[in-house]
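Asker: To start, I am sharing the structure in question, which I have written as structure tokens.
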Amino acid sequence: MAEDNDSNEYIYTLYGLDEQFNELKGILNKFSITKEGGSCVVTGQKGSGKSTAIKLLSEMFCDKIQTITLDCNFLSTNSAGLRKVESLENHQDEEDPTLIVLENFEILAENRDQTLLYKILNGTRNRSWFVILVSDIRNCTDCLEKRVRSRVSNKEIVFEKTVIFDRYVDYFKDILKGCLFCVDGEPKKKISKKLDKIVQSNEVHEILEELYTEDFSIETLKKIVSTLVSQLMYRYRTFGSKKKDNFPCLDDIPTVLRHVVTLFIPQCTDGIILKSLTIRQLCLLLCIIKLMKTTKNNEFLYHNILQSYRRFRNVYDRLTVPELEMDIYKELDEMVERGLIHYSNESQMGQLCFRRVKIGVDPVLVENCIREYKPLPSSVKMWLEDTVELI
Numbered sequence: 483m484a485e486d487n488d489s490n491e492y493i494y495t496l497y498g499l500d501e502q503f504n505e506l507k508g509i510l511n512k513f514s515i516t517k518e519g520g521s522c523v524v525t526g527q528k529g530s531g532k533s534t535a536i537k538l539l540s541e542m543f544c545d546k547i548q549t550i551t552l553d554c555n556f557l558s559t560n561s562a563g564l565r566k567v568e569s570l571e572n573h574q575d576e577e578d579p580t581l582i583v584l585e586n587f588e589i590l591a592e593n594r595d596q597t598l599l600y601k602i603l604n605g606t607r608n609r610s611w612f613v614i615l616v617s618d619i620r621n622c623t624d625c626l627e628k629r630v631r632s633r634v635s636n637k638e639i640v641f642e643k644t645v646i647f648d649r650y651v652d653y654f655k656d657i658l659k660g661c662l663f664c665v666d667g668e669p670k671k672k673i674s675k676k677l678d679k680i681v682q683s684n685e686v687h688e689i690l691e692e693l694y695t696e697d698f699s700i701e702t703l704k705k706i707v708s709t710l711v712s713q714l715m716y717r718y719r720t721f722g723s724k725k726k727d728n729f730p731c732l733d734d735i736p737t738v739l740r741h742v743v744t745l746f747i748p749q750c751t752d753g754i755i756l757k758s759l760t761i762r763q764l765c766l767l768l769c770i771i772k773l774m775k776t777t778k779n780n781e782f783l784y785h786n787i788l789q790s791y792r793r794f795r796n797v798y799d800r801l802t803v804p805e806l807e808m809d810i811y812k813e814l815d816e817m818v819e820r821g822l823i824h825y826s827n828e829s830q831m832g833q834l835c836f837r838r839v840k841i842g843v844d845p846v847l848v849e850n851c852i853r854e855y856k857p858l859p860s861s862v863k864m865w866l867e868d869t870v871e872l873i
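In this note's numbering, the protein residues as written are 483 to 873.
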């Protein structure tokens with residue numbers, strides 16, 4: 483974030499998220515002018531930048547819009563949230579524009595009692611409220627009651643971690659320049675040109691390509707650049723007297739970068755973990771996704787997942803020997819340990835069949851991983867084609 487001294491405005495840069503940031507900015511700008519209530523859904527995996535973007539935009543519009551953030555992880559009950567909403571209603575004029583950010587709203591969507599969600603969203607009809615529903619998981623609105631869903635806008639902004647490699651290299655260069663010396667003055671033009679040549683070198687490209695293959699998230703790239711700059715500055719301070727013409731040790735970038743990258747990769751991203759699963763584990767994840775769509779719930783007992791899996795086998799793969807119940811439960815336990823599904827509350831303390839879990843990975847990622855699985859059994863391929871519209 484940099485300040486423009488001429489206009490006294492802040493210039494915000496979220497690398498790799500220009501489109502999403504500008505789209506959300508346009509929505510809030512319109513709201514600040516019209517003061518008409520509304521809503522939108524913002525989704526993206528952890529570390530995708532969605533919460534950072536919302537925070538920066540709330541700061542940008544702080545003179546025009548009041549922002550209230552509610553993290554549903556910390557709302558112990560519906561009544562606790564209702565009290566906050568009632569307090570807001572009592573101490574605020576109906577025409578005062580207010581941005582209400584509901585972080586992890588899927589927790590409220592899972593509840594049978596969705597009164598709090600309905601009250602907040604219904605408030606957009608007669609008050610100057612704009613509600614942003616934030617979640618790490620896609621398709622969370624499928625679990626909403628009909629009356630709640632009728633109050634939610636169809637507008638969804640998806641924050642994805644994906645970026646093409648050429649753009650990824652550009653972001654690396656821009657972030658590096660910003661961290662090193664914010665190239666904006668005559669004395670630094672020569673250094674900037676030298677840095678451009680180094681970044682475009684085959685050696686640096688090869689290192690970045692290896693990093694991109696393992697983890698292409700901008701979040702990881704920022705961590706690597708900040709560590710790289712720290713080590714470059716240390717070298718400059720240590721050897722600066724001998725290398726006055728090489729501030730800040732730019733020639734060392736390839737060597738230092740390779741060392742820094744080894745500190746961060748390989749990382750166990752969702753995609754990498756999914757690719758290491760057995761076809762049975764992937765099918766169990768697909769069972770959970772199908773249950774989410776057909777039941778409008780987000781949490782399921784191990785027993786429910788087992789039944790769904792057995793239905794798949796009975797319809798598409800009758801000839802194989804049925805698996806033992808305990809084997810399926812062990813597969814589910816392993817996926818909990820790897821972070822692909824999560825326990826609900828204290829359900830992990832109960833009997834295996836009564837353990838309750840919810841999915842912790844993007845359903846579309848699961849589908850893509852199954853499609854790429856080699857060799858893919860014909861029974862699974864047929865089942866996937868019949869299920870794909872549910873994802």
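Glycine included, C-beta positions come from ideal geometry on N, C-alpha and C.
Measuring alpha carbon to alpha carbon, tell me which residue in L539, R838, G842 and Y784 is nearest G526.
Answerer: Residue 526 sits at position 44 when you count from the first residue of the sequence shown. The residue from L539, R838, G842 and Y784 with its alpha-carbon nearest to that of G526 is G842.
Asker: Would you call the CB atoms of A591 and L603 closer than 9 Å?
Answerer: Taking the first residue of the sequence shown as position 1, residue 591 is located at position 109. Taking the first residue of the sequence shown as position 1, residue 603 is located at position 121. At least 9 Å separates the beta-carbon of A591 from that of L603.
Asker: How would you label T695, buried or exposed, when you count the other beta carbons within 10 angstroms and need 16 or more for buried?
Answerer: The count along the sequence shown starts at 1 and reaches residue 695 at position 213. So T695 counts as exposed.
Asker: Flag this pair as yes or no: are the beta carbons of I582 and I550 separated by less than 9 Å?
Answerer: Residue numbering aside, residue 582 sits at position 100 when the sequence shown is read from its first letter. Residue numbering aside, residue 550 sits at position 68 when the sequence shown is read from its first letter. Yes.
Asker: Could you give the distance in angstroms between the alpha-carbon of K672 and the alpha-carbon of V707?
Answerer: Here the question's residue 672 lines up with position 190 in the sequence shown. Here the question's residue 707 lines up with position 225 in the sequence shown. So the alpha carbons of these two residues sit roughly 21 Å apart.
Asker: Since F612 and S699 are thought to touch, with beta carbons under 8 Å apart, how far apart are those beta carbons, to the nearest angstrom?
Answerer: Stepping through the sequence shown from its first residue, residue 612 is reached at position 130. Stepping through the sequence shown from its first residue, residue 699 is reached at position 217. Their Cβ separation, rounded to whole angstroms, is 29 Å, which puts F612 and S699 out of contact at 8 Å.
Asker: Would you tell me roughly how many angstroms separate the C-alpha atoms of D500 and K863, rounded to the nearest one?
Answerer: One-based indexing of the sequence shown puts residue 500 at position 18. One-based indexing of the sequence shown puts residue 863 at position 381. Cα-Cα distance, rounded: 37 Å.
Asker: Can you find the residues in the same chain that come closer than 8 Å, C-beta to C-beta, to T580, ignoring five residues on each side of it along the sequence?
Answerer: As a working note, residue 580 is residue 98 in the sequence shown. These residues qualify, in order along the chain: I547, Q548, T549, I550, L570, Q574, R609, S610, W611 and F612.
Asker: Whose CA, out of I771, T737, E588 and T702, lies closest to the CA of R717?
Answerer: Stepping through the sequence shown from its first residue, residue 717 is reached at position 235. Selected option, being the one with the closest Cα: T737.
Asker: Looking only at C-alpha atoms, which of S561, N555 and E585 sits nearest to A535?
Answerer: Taking the sequence shown and counting its residues from 1, one reaches residue 535 at position 53. Checked all of S561, N555 and E585; the closest Cα to A535 is E585.
Asker: Is the distance from the Cβ of S533 to the Cβ of E701 below 9 Å?
Answerer: As a position in the sequence shown, residue 533 is number 51, starting the count at 1. As a position in the sequence shown, residue 701 is number 219, starting the count at 1. Contact: no.
Asker: Quick one: is F641 buried, meaning 16 or more other Cβ sit within 10 Å of its Cβ, or exposed?
Answerer: Reading the sequence shown from its first residue, position 159 is the one you call residue 641. Under this definition F641 is a buried residue.
Asker: If you compare alpha carbons, which of D652, F654, K675 and D595 is closest to L626?
Answerer: For the purposes of this step, residue 626 is taken as the residue at position 144 of the sequence shown. Taking only the C-alpha atoms, the option nearest L626 is D595.
Asker: Would you kindly work out how many angstroms separate the C-alpha atoms of L615 and E518, rounded to a whole number?
Answerer: The residue labelled residue 615 in the question sits at position 133 within the sequence shown. The residue labelled residue 518 in the question sits at position 36 within the sequence shown. Each residue's Cα considered, the two are about 17 Å apart.
Asker: Using only alpha-carbon positions, find the residue among T606, F654 and K655 that is nearest to S632.
Answerer: Residue 632 sits at position 150 when you count from the first residue of the sequence shown. Of all alpha-carbon atoms in T606, F654 and K655, the one lying nearest the alpha-carbon of S632 is that of T606.
Asker: For V621, count neighbouring C-beta atoms within 10 Å of its own C-beta (all shown protein chains included) and say buried if the count is 16 or more, exposed if not.
Answerer: As a first step, residue 621 is located in the sequence shown; it is residue number 139 there, counting from the start. A quick correction: the sequence has Asn, not Val, at residue 621. Burial call: buried.
Asker: How long is the line joining the alpha carbons of T623 and R629, rounded to whole angstroms?
Answerer: Reading the sequence shown from its first residue, position 141 is the one you call residue 623. Reading the sequence shown from its first residue, position 147 is the one you call residue 629. Approximately 12 Å between the Cα atoms of the pair.
Asker: What would DSSP say about V583, mapped onto helix, strand or coil?
Answerer: Counted from its first residue, the sequence shown places residue 583 at position 101. Strand at V583.
Asker: In whole angstroms, what is the alpha-carbon distance linking F435 and K601?
Answerer: The chain is shown from 483 up to 873; residue 435 falls before or after that span and cannot be answered.
Asker: Can you name the start and end residues of the beta strand (DSSP E) that T549 belongs to?
Answerer: Start at 1 with the first residue of the sequence shown, and residue 549 comes out as number 67. Its beta strand (DSSP E) spans residues Q548 to D553.
Asker: Just checking, does the region 785 to 804 make contact with the region 738 to 748 on the three C-beta pairs under 8 Å criterion?
Answerer: no
Asker: With a threshold of 9 Å between beta-carbons, can D799 be considered close to chain C, or not?
Answerer: No chain C appears in this structure, which consists of one protein chain only.
Asker: List in chain order: all unbroken alpha helix (DSSP H) runs of 4+ residues lying wholly within the region 672 to 740.
Answerer: 684 to 696 and 700 to 721
Asker: Suppose only complete runs of 3+ residues qualify. What are the beta strand (DSSP E) ranges in the region 561 to 637, listed by chain order?
Answerer: 580 to 585 and 611 to 617
Asker: At the level of alpha carbons, what is the spacing between E805 and K812?
Answerer: Taking the first residue of the sequence shown as position 1, residue 805 is located at position 323. Taking the first residue of the sequence shown as position 1, residue 812 is located at position 330. Near 12 Å, if we compare the C-alpha coordinates of K812 and E805.
Asker: In its own chain, which residues sit with a C-beta less than 6 Å from the C-beta of K637, not counting the 5 before and 5 after it?
Answerer: Here residue 637 is taken as the residue at index 155 of the sequence shown, counted from 1. If we look at K637 and ignore the five residues flanking it on each side, its Cβ neighbours are C522.
Asker: Would you mind stating whether I787 and L773 have Cβ atoms separated by less than 9 Å?
Answerer: As a first step, residue 787 must be located in the sequence shown, where it is residue number 305. As a first step, residue 773 must be located in the sequence shown, where it is residue number 291. Against a cut-off of 9 Å, the Cβ pair of L773 and I787 comes out as a contact.
Asker: According to DSSP, what are the bridge partners of G520?
Answerer: Residue numbering aside, residue 520 sits at position 38 when the sequence shown is read from its first letter. F612.
Asker: Shortest alpha-carbon distance to S860 belongs to which of R838, I761 and N779?
Answerer: Indexing the sequence shown from 1 puts residue 860 at position 378. The shortest C-alpha separation from S860 is found at I761.
Asker: Give the DSSP-derived three-state secondary structure of T802 in the structure shown.
Answerer: Walking along the sequence shown from the start, residue 802 turns up at place 320. T802: coil per DSSP, three-state reduction.
Asker: Assuming D656 and Y791 make a contact with CB atoms under 8 Å, what is their CB distance in whole Å?
Answerer: Walking along the sequence shown from the start, residue 656 turns up at place 174. Walking along the sequence shown from the start, residue 791 turns up at place 309. With a Cβ gap of about 47 Å, D656 and Y791 do not count as contacting.
Asker: By DSSP's criteria, E781 is part of a beta bridge. Which residues make up the other side?
Answerer: Against the sequence shown, residue 781 aligns to sequence position 299. Bridge partners of E781: K840.
Asker: Residue range of the alpha helix (DSSP H) that Y650 falls in?
Answerer: Here the question's residue 650 lines up with position 168 in the sequence shown. Here the alpha helix (DSSP H) through Y650 covers F647 to L662.
Asker: To the nearest angstrom, report how far apart V711 and I680 are at their CA atoms.
Answerer: Locating residue 711 in the sequence shown gives position 229, counting from the first residue. Locating residue 680 in the sequence shown gives position 198, counting from the first residue. Distance from the CA of V711 to the CA of I680, rounded to the nearest whole angstrom, comes to 15 Å.
Asker: For L510 and D734, what's the separation of their Cα atoms in angstroms?
Answerer: Numbered from 1 along the sequence shown, position 28 holds the residue referred to as residue 510. Numbered from 1 along the sequence shown, position 252 holds the residue referred to as residue 734. Each residue's Cα considered, the two are about 44 Å apart.
Asker: Mapping the DSSP letters down to three states, classify I894 as helix, strand or coil.
Answerer: No information on residue 894 is available, as it lies outside the stretch 483 to 873 that the chain covers here.
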